[in-house]
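For the record, the sequence lines run as chains U and F.
Quick note on the numbering used here: the first sequence kicks off at 71 and runs consecutively.
Quick note on the numbering used here: the second sequence kicks off at 71 and runs consecutively.
2 protein chains.
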Amino acid sequence: MNEPSVNYDVLSPVKFLTRTAAVYPEKVAVVHGSTRYTYLELFQRVNRLADALRKKGIGKGDKVAFLCPNTPPMLEAHYAVPMLGAALVSINIRLSANEVAYIINHSDAAALFVDNEFAGVVQPVLDQLEKVKLIVTICDVSDARPFDGPDYETFLTTGAPDPVPIAVDNERDVATINYTSGTTGLPKGVMYHHRGAYLNALGEIIEAQLDANSVYLWTLPMFHCNGWCFTWAVTAIGGTHVCLRAVLPEAVFRLIETEQVTHMCAAPTVLVMMSNYPGAKDLKIKGTLRIMTAGAPPAPRIIENVEALGAVITHTYGLTEVFGPHSVCAWKPQWDSLPTEERAKFKSRQGVPYVTTQYMDVVDPVTMQPVPRDGQTIGEIVMRGNNVMLGYYKDPKATEVAFAGGWFHSGDLAVMHPDAYVQIMDRKKDIIISGGENISTVEIENVIFKHPDVLEVAVIPVPDEKWGEVPKAFVVAKQGKNPTAESIIDFCKQHLARFKAPKIVEFSALPKTATGKIQKFKLREKEWQGRERKVN
Amino acid sequence: MNEPSVNYDVLSPVKFLTRTAAVYPEKVAVVHGSTRYTYLELFQRVNRLADALRKKGIGKGDKVAFLCPNTPPMLEAHYAVPMLGAALVSINIRLSANEVAYIINHSDAAALFVDNEFAGVVQPVLDQLEKVKLIVTICDVSDARPFDGPDYETFLTTGAPDPVPIAVDNERDVATINYTSGTTGLPKGVMYHHRGAYLNALGEIIEAQLDANSVYLWTLPMFHCNGWCFTWAVTAIGGTHVCLRAVLPEAVFRLIETEQVTHMCAAPTVLVMMSNYPGAKDLKIKGTLRIMTAGAPPAPRIIENVEALGAVITHTYGLTEVFGPHSVCAWKPQWDSLPTEERAKFKSRQGVPYVTTQYMDVVDPVTMQPVPRDGQTIGEIVMRGNNVMLGYYKDPKATEVAFAGGWFHSGDLAVMHPDAYVQIMDRKKDIIISGGENISTVEIENVIFKHPDVLEVAVIPVPDEKWGEVPKAFVVAKQGKNPTAESIIDFCKQHLARFKAPKIVEFSALPKTATGKIQKFKLREKEWQGRERKVN
Chain U
71 MNEPSVNYDV LSPVKFLTRT AAVYPEKVAV VHGSTRYTYL ELFQRVNRLA
121 DALRKKGIGK GDKVAFLCPN TPPMLEAHYA VPMLGAALVS INIRLSANEV
171 AYIINHSDAA ALFVDNEFAG VVQPVLDQLE KVKLIVTICD VSDARPFDGP
221 DYETFLTTGA PDPVPIAVDN ERDVATINYT SGTTGLPKGV MYHHRGAYLN
271 ALGEIIEAQL DANSVYLWTL PMFHCNGWCF TWAVTAIGGT HVCLRAVLPE
321 AVFRLIETEQ VTHMCAAPTV LVMMSNYPGA KDLKIKGTLR IMTAGAPPAP
371 RIIENVEALG AVITHTYGLT EVFGPHSVCA WKPQWDSLPT EERAKFKSRQ
421 GVPYVTTQYM DVVDPVTMQP VPRDGQTIGE IVMRGNNVML GYYKDPKATE
471 VAFAGGWFHS GDLAVMHPDA YVQIMDRKKD IIISGGENIS TVEIENVIFK
521 HPDVLEVAVI PVPDEKWGEV PKAFVVAKQG KNPTAESIID FCKQHLARFK
571 APKIVEFSAL PKTATGKIQK FKLREKEWQG RERKVN
Chain F
71 MNEPSVNYDV LSPVKFLTRT AAVYPEKVAV VHGSTRYTYL ELFQRVNRLA
121 DALRKKGIGK GDKVAFLCPN TPPMLEAHYA VPMLGAALVS INIRLSANEV
171 AYIINHSDAA ALFVDNEFAG VVQPVLDQLE KVKLIVTICD VSDARPFDGP
221 DYETFLTTGA PDPVPIAVDN ERDVATINYT SGTTGLPKGV MYHHRGAYLN
271 ALGEIIEAQL DANSVYLWTL PMFHCNGWCF TWAVTAIGGT HVCLRAVLPE
321 AVFRLIETEQ VTHMCAAPTV LVMMSNYPGA KDLKIKGTLR IMTAGAPPAP
371 RIIENVEALG AVITHTYGLT EVFGPHSVCA WKPQWDSLPT EERAKFKSRQ
421 GVPYVTTQYM DVVDPVTMQP VPRDGQTIGE IVMRGNNVML GYYKDPKATE
471 VAFAGGWFHS GDLAVMHPDA YVQIMDRKKD IIISGGENIS TVEIENVIFK
521 HPDVLEVAVI PVPDEKWGEV PKAFVVAKQG KNPTAESIID FCKQHLARFK
571 APKIVEFSAL PKTATGKIQK FKLREKEWQG RERKVN
C-alpha cells in the first residue's frame, strides 16, 4: 500500500512536500535569519535526513525525539521521520531534565536530536536514557557539540538527497506523538495518525485562508501539536516558513515587516505581549496580517487591542488530542457593523467546527445528552471524527477515560449559544463552586482585563469556610500603574453579579507554559496546600 | 460505520451540508430567479427528498436518475441521493431520447426525475425504461405534468424535514455515476466514490480560493462531473449557489452584477461567448470575479480577452474520470510582469496537480516511462490517486484498458515542460500525422485565434494522398467580418512552421456538446466518410 494504486492513495501529510517541491522548486520554503532554503533544497535536506536515519536502522514503528526550538531541523523532522513510518516526538523545550527523560523513555525513542542551547537539560539525565542509540546535536546558536555523536549538518551528509520512498502502509498509522504538558500527573503521549494530520492541514489552509503567496511566521512552537499542523499546511500550499527561535516582540515586529508576514498563530498571552510592546503602534503591515489565536480563551479586550494594530484575528479552539484547533469562531458579515467591543465579544467565542472536523457538542458529561442551546447551561465540550488522536501511547486506561461514551472529553466547560456557537466558561478543574453557584473564572478575567491599569490576570478558586470556594484574582499591572485590590474588586462589582467579584486580589507574576498558557494549577496548588479540592 | 467513531469518520461530501446548515442556517444557500433558500431550508428540502425516496423503497445501492438543468432540485439531489447510500445519475440534458434511454437502463435507475422542459426527450422512450418504478416531474418553467407520478414539490411534502441518517458504510462506496458523452461508442458510466468527492471538493475550495462570502454562478452544468464537485465545495465553505437554467450571456452578465458573483466555472467556448457579447465592456465587477476554465485547452487569446473584462482566470484541466479538474496552472508571481500575450501563454498550460490530487505524469503509453521534461516530446497524460473513478459501471473491460499499467490513461497528448508544467498538444485521436510529423491541432488553433476576424476555430486532420493527413480549419468569423481562406492560411504561415498551416479552410458553424466542447469527431466523421483513420 506504499505505492498509490490507480484510485487509492494513503493520506499522509509528508506527501505535500513531494508535490510542492515539484511545483515550486525555486521558491523560498524556509527563512531562518540569513539562511534561506528553496523547496527543492528543503526536499533534499528532508530526504538526506530520512536516508541518514534509515542507515542508522531507524524505520517503521521507531520513535525519534527532538528537543529543538523553531528552526529548520525541527521542520525537516516533520517530514523525514513520518515518511519512514516512524513517529516524531517533538518535546517542549521548557521542560525540566526529569520531564524530558521521562518523555524520551516513555516514548521508546531510539534517536534523540538536541539543539545545543538545550543540552543542559539532557546532560544530567543522559545515563537514564534507556533506548536512545543515536544522539545528534543541532548547532544553531553555537558550534558546541556536548554529546558523542554527529552534529546535524554532518549527519545530513551521510544521507542521499534522492527521494526516499514514503513507507506509510495505513493512513491511520502513527505519524507523531505529542506529550501533553500535563497540568497534573505525568505527561501523556498523544498519538497523531497520518490521515488526521493530512485532513487537519487542509482544514488549516481553508480556515486560515492560506495561499501560495502566504508567509507564515513561527511564533507558535512546532512542539505544540506539531504547530497546530501548520508545519504541514504551509508546505502543502507552497507558502514560506519564517523560523523563530524565541518569541521576542522586537523580532516578531521586525520580521512581520521585513519578511512581509501574512499569517501567524499565537496564544492570547503572546497577543498581550504584542499589544503592549512600545513599538507596536509603529508597525507597518503591507496587505493583510492574519493571526490565529487559541490555547486559552482570549479576553475580548485583547482581541480589540491587536486588531487595532491592523491585524485580523481568527479565533480557534482545540486541544492537543484533536491535532490543535477543532473549532473556529466563523465570522459573519452581520457582525461587522457592531461597536468594537461587541465585535470583540462575538470574536472571543470558540465557535463552530472546522469544515474538516464536523463533530463538536456541549453535553452533560455523564448522560452525554446535549445541553440546551441557551447560552447559559454549562456542559462539557466533546469532539469526535478524523482529527481525534488514536489514543495515549501505552496508556489504554487514560484513553478509555478520555473516550468515554464514544466522544473525546475536552475537560472544557462551555455553553452552547442559540446560534450553535460554543463559548468556554472554564476548564473543568478551574471553575469555582461558591455556595452552590458555578462561577466562571473566564468571565471574571474578561472583566478585570477591561480595567485600565491591568496587563494580565488569572482567577482561581481558593478555599473559604463559609462558601466552600471563592474567587481570587492574580493581577499583573501595566508598567507605571499601581492599582489597589479595592479598585479591582469595585470594578468587578460594577460589571458583574456581586457574588462573582473576587474576594482577594494579589499582585504577582503569573506562571506560564512554553506556549504562553497561564498555569492556574500552580497558583491553585499554593492556595490549596494540604487541603483537598473536589472536582467532578 | 455509519456513525462516526471517536476518531474515524467516513469521508463523504454530503456531510458538508450538515455542518453548514448548523453554522450558517440563516444564510442564503441557493438563489434561483426570485426564489431564495437559506441553508436551513436547503437542508430541510434535502432531508424531505431523502425521506420521500426512502419511503418509495430507494436505498443502499439503488440508482436515481435526474434529467434537469441547473435548478435547486438538481443541487438537492447531490445530497439526498448519496446520503441514502444510493447513486445519483445526472444526465446531460442535450442528449437524444435514445441516449437518455440507454443511460437510464444501463445505470439500472429505479427512479427518474425529469424537468418538464425535457419531457419530450423521455416520452418517446417511456416504454423502453426497464427498471424505473417512479417518475417525478420537476415543474420550473411551467406547471406541465406529462408523466404519471407526482411533481417535485408535492413529492417533497411526502418526506419529513428532519435529518435522515447518512447511510454510507464505506468511503469508497459509489456516490454518483456520470456518463461520459462518449465521442465514439456508447456512453460509459464513471463511478465516483464518496472519498474522492470529499477530497476533490476540498481541493476546489483551496484552488479556487472559495470562502464563506463566495457567490458561485452555475454556468457549468451540474451534470458535468457533478459540476466539477462545486456542488459540494460551495456548500462546504458556506457560499451561495446561484442557479442558471441556460447559459445566455445577458443572464450571465446580469447575475454577475446583481448577485455580486465571485466565482464561476466555464468551458473556453463560454468564455468566447462572454468576451464577444456586445454588453461585455459595460460589465461592472465589484471585488474579484474568479473564473475557472477547463474542458478544452483555452487559446491564450481567449484568456487575454476575458481578463480584459476584469475577471481573473484560473486554468485547470481534468476529465470526468478524475472528478473534473486534476491539475491547475498554478500562477507564479514572476509571471506577473510579462507582456499580456506572454502571460496568457503561460496561463494556457494545463499545469501541475492540485494540492489534493498529487499524481500526474506524461508518459510513453506503452512503456509507461516518463517523457523527457523538454517541452517538446509528446506523451500521454496519466493520473492516479484518490480522485480517480472506481471504474466504469458494468464495464470491467473498458476499466481495465483505462487503468493499464496502474494509471488512468487520459487520452490527452502533452509535453512536460522543464518547470514540471504539463501542456496539452492534442487529444490522442485528434492529433494530425502528416508525412510522419506530428502536428498539434491545438497549436494551429491558437494561432488562428489571433487572426483579428476570427471568432471560433477547430482544426482536424483530413485525408491526403501525398501526406496521409493534412490539417483543415473550420472557422467562424466575427460578426460583420469576412476573412478569406487565403488570409487565414497566410496568417498561419507567418506564425508557424509552413507545413503546419492548414491546407483547406471552411467557414461554418461548429458542432458542440452541452458543455460547449467542440465535437471534432463530428467534423472528422464527415471528412473521413468511408475511409478508415488509424489512431494509436
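Beta carbons: idealized from backbone N, C-alpha and C, even for Gly.
Three-way DSSP call (helix, strand, coil) for residue i in this model
i: residue 515 (chain F); result: helix
i: residue 587 (chain F); result: coil
i: residue 36 (chain U); result: As displayed, chain U neither begins before 71 nor continues past 606, which places residue 36 (chain U) out of reach and without an answer.
i: residue 426 (chain F); result: coil
i: residue 577 (chain F); result: strand
i: residue 90 (chain F); result: helix
i: residue 297 (chain U); result: helix
i: residue 393 (chain U); result: coil
i: residue 491 (chain F); result: coil
i: residue 503 (chain F); result: strand
i: residue 453 (chain U); result: strand
i: residue 137 (chain F); result: strand
i: residue 98 (chain F); result: strand
i: residue 382 (chain U); result: strand
i: residue 236 (chain U); result: coil
i: residue 305 (chain U); result: helix
i: residue 561 (chain U); result: helix
Pick from the options that is closest to residue i, judged by C-alpha positions
i: residue 314 (chain F); options: F:302, F:307 and F:297; result: F:297
i: residue 486 (chain F); options: F:113, F:175 and F:430; result: F:430
i: residue 76 (chain U); options: F:594, F:137, F:476 and F:409; result: F:476
i: residue 223 (chain U); options: U:274, U:209 and U:233; result: U:209
i: residue 398 (chain U); options: F:307, F:287 and F:352; result: F:307
i: residue 331 (chain U); options: U:351, U:342 and U:356; result: U:356
i: residue 239 (chain U); options: U:155, U:439, U:408 and U:500; result: U:155
i: residue 433 (chain U); options: U:579, U:484, U:466 and U:506; result: U:484
i: residue 545 (chain U); options: U:261, U:128, U:578 and U:115; result: U:578
i: residue 249 (chain F); options: F:227, F:172 and F:199; result: F:172
i: residue 375 (chain U); options: U:305, U:344 and U:387; result: U:344
i: residue 218 (chain U); options: U:232, U:226 and U:203; result: U:203
i: residue 261 (chain F); options: F:390, F:348 and F:275; result: F:390
Identity of the residues DSSP links to residue i by a beta bridge
i: residue 263 (chain F); result: F:244
i: residue 497 (chain F); result: F:482
i: residue 221 (chain F); result: F:207
i: residue 335 (chain U); result: U:362
i: residue 388 (chain U); result: U:395
i: residue 572 (chain F); result: In the DSSP output, where bridge partners are listed per residue, residue 572 (chain F) has none listed.
i: residue 582 (chain U); result: U:588
i: residue 108 (chain U); result: U:98
Same chain only: Cβ atoms within 7 angstroms of residue i, ignoring 5 sequence neighbours per side
i: residue 559 (chain U); result: 571, 572 and 575
Residues near residue i in its chain [Cβ-Cβ closer than 6 angstroms; skip 5 each side]
i: residue 215 (chain U); result: 207 and 221
i: residue 427 (chain U); result: 396, 455 and 457
i: residue 201 (chain U); result: 178 and 180
Residues near residue i by beta carbon distance below 8 angstroms, same chain, minus five either side
i: residue 598 (chain U); result: 532 and 533
i: residue 464 (chain F); result: 176 and 259
i: residue 137 (chain U); result: 161, 163, 170, 182, 183, 184, 185, 188, 191 and 192
> Touching or not, the segment 329-338 of chain F and the segment 287-297 of chain F, by the rule of three or more beta carbon pairs under 8 angstroms?
Replying inline: yes
> Is the number of C-beta pairs between the segment 99-108 of chain U and the segment 124-136 of chain U that are closer than 8 angstroms three or more?
Replying inline: no
>> Below 8 angstroms, how does it come out for the segment 266-279 of chain U and the segment 379-397 of chain U: are there three or more Cβ pairs, yes or no?
In response: yes
>> For the segment 167-180 of chain U against the segment 126-137 of chain U, do three or more pairs of beta-carbon atoms, one drawn from each stretch, fall closer than 8 angstroms, so that the two count as touching?
In response: yes
>> Tell me whether the segment 181-193 of chain F and the segment 158-168 of chain F touch, counting them as touching only if at least three CB pairs, one residue from each stretch, are closer than 8 angstroms.
In response: yes
> Between the segment 503-510 of chain F and the segment 518-527 of chain F, do at least 3 Cβ pairs fall closer than 8 angstroms?
Replying inline: no
> Does the count of Cβ pairs from the segment 367-381 of chain F and the segment 404-416 of chain F closer than 8 angstroms reach three?
Replying inline: yes
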